[in-house]
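**Q** First, the structure itself, so that you have it in front of you.
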Amino acid sequence: MYDYLLGGTDNYKVDREACAELLRMAPSTRELALVNRAFLVRAVRYLAQERGVRRFLDHGSGLPTSPNVHEVTQAVDPSCEVVYIDNDPVVAAHGRMGLAEDPSTTAVLEMDMRETDKIFESPRVKHLLRDDQPVAALFISVLHCIRNDDDPWDLVRRVAARLPAGSYMVVSQLASDDPDLRNEITEFMDTVTGGNWGEVRSLDEVNRFFARLELLEVKEQKPVEVSLWHPDSDLAPRQRSKEWIEYGGVALVKPAAESSA
0 MYDYLLGGTD
10 NYKVDREACA
20 ELLRMAPSTR
30 ELALVNRAFL
40 VRAVRYLAQE
50 RGVRRFLDHG
60 SGLPTSPNVH
70 EVTQAVDPSC
80 EVVYIDNDPV
90 VAAHGRMGLA
100 EDPSTTAVLE
110 MDMRETDKIF
120 ESPRVKHLLR
130 DDQPVAALFI
140 SVLHCIRNDD
150 DPWDLVRRVA
160 ARLPAGSYMV
170 VSQLASDDPD
180 LRNEITEFMD
190 TVTGGNWGEV
200 RSLDEVNRFF
210 ARLELLEVKE
220 QKPVEVSLWH
230 PDSDLAPRQR
240 SKEWIEYGGV
250 ALVKPAAESS
260 A
């Protein structure tokens, strides 16, 4: 569905039909997908260019729609390393085909992003962490695929705790302060994905993901609608409708002692 909304070709009739219904309920959905993709590109370029990050761990990466994380970061420095995590075998197969040119710097692991211990014990992620250089962990428009009962906030905390000092987190998720819209879209997406869906959350619920992190490039210490985060220019894509938004930010992982204070 996301690929279709972005104008990609890796989608099926059932995806297009589901998107048509979703656009009926929330007409700004395609706009939202586009601004979220632009946020992904800006965030990873910022971390590579401005913060010197050379290693990226992308949770729930989805189909490799261009420009993807490795393309953006390796345009800054070809030595940048990216590991994509996704539990969908179709995503993994597409990703591996597309990354065959340079497997030494980019990999796709077919794993459930909730299995933090398994991910961090995998040889490829161990290699990413081999000498305690900063790593950027990405959760871009994916935490809404996890139910509250599975505690996505704990997932973010667990990953942050496993990262080297000076690492970063990038988080965005679908959010709305309209409870009726949240419930309607959550129920619809749960149905069309066969139960592989979580929750559209309130802004306060998304704020909790950043409780122990230091937000960057924002005037206040709180997330923002992502088209407002560090825009490239006045012509950068903006989300106009506010029925639901992609809400998030880029944050520095605080040292354990400081984050527990």
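Numbering (numbering that gives the first Met the number 0), first residue to last: 0 to 260. Backbone N, C-alpha and C define an ideal beta-carbon position, used for all residues, glycine too. In this text the structure is predicted, and so the values were computed from the model without any measurement.
So what does DSSP say about His58, is it helix, strand or coil?
**A** His58 falls in the strand class under three-state DSSP.
**Q** Taking all protein chains shown into account, decide if Ile244 is buried (16 or more other Cβ within 10 angstroms of its Cβ) or exposed.
**A** So Ile244 counts as buried.
**Q** In angstroms, rounded to a whole number, what distance separates the CA positions of Glu114 and Arg161?
**A** Going from the Cα of Glu114 to the Cα of Arg161 covers about 13 Å.
**Q** Between the C-alpha atoms of Gln220 and Asp150, what's the straight-line distance to the nearest angstrom?
**A** One C-alpha to the other measures close to 23 Å.
**Q** Enumerate in chain order the residues of its own chain whose CB-to-CB distance from Ser78 is below 8 Å, with the five nearest sequence positions on each side excluded.
**A** Closer than 8 Å at the Cβ level, and outside the excluded window around Ser78, lie Arg53 and Thr104.
**Q** Using 8 Å as the threshold, is the C-beta distance between Val82 and Tyr167 below it?
**A** Cβ atoms of Val82 and Tyr167: not closer than 8 Å.
**Q** Confirm, please, whether the CB-CB distance from Tyr246 to Val325 is below 8 Å.
**A** Lying outside 0 to 260, the shown extent of the chain, residue 325 is not represented and no answer is given.
**Q** In the structure shown, what three-state DSSP assignment does Val75 receive?
**A** Residue state, collapsed to three classes: helix.
**Q** Per DSSP, Ala135 is paired with what?
**A** DSSP, once it has assigned bridges, lists Phe55 and Tyr167 as partnering Ala135.
**Q** Can you tell me the Cβ-Cβ gap for Phe187 and Glu20, rounded? I've got them flagged as a contact below 8 Å.
**A** Between Glu20 and Phe187 the Cβ distance is about 7 Å, and since that is below 8 Å, they are a contact.
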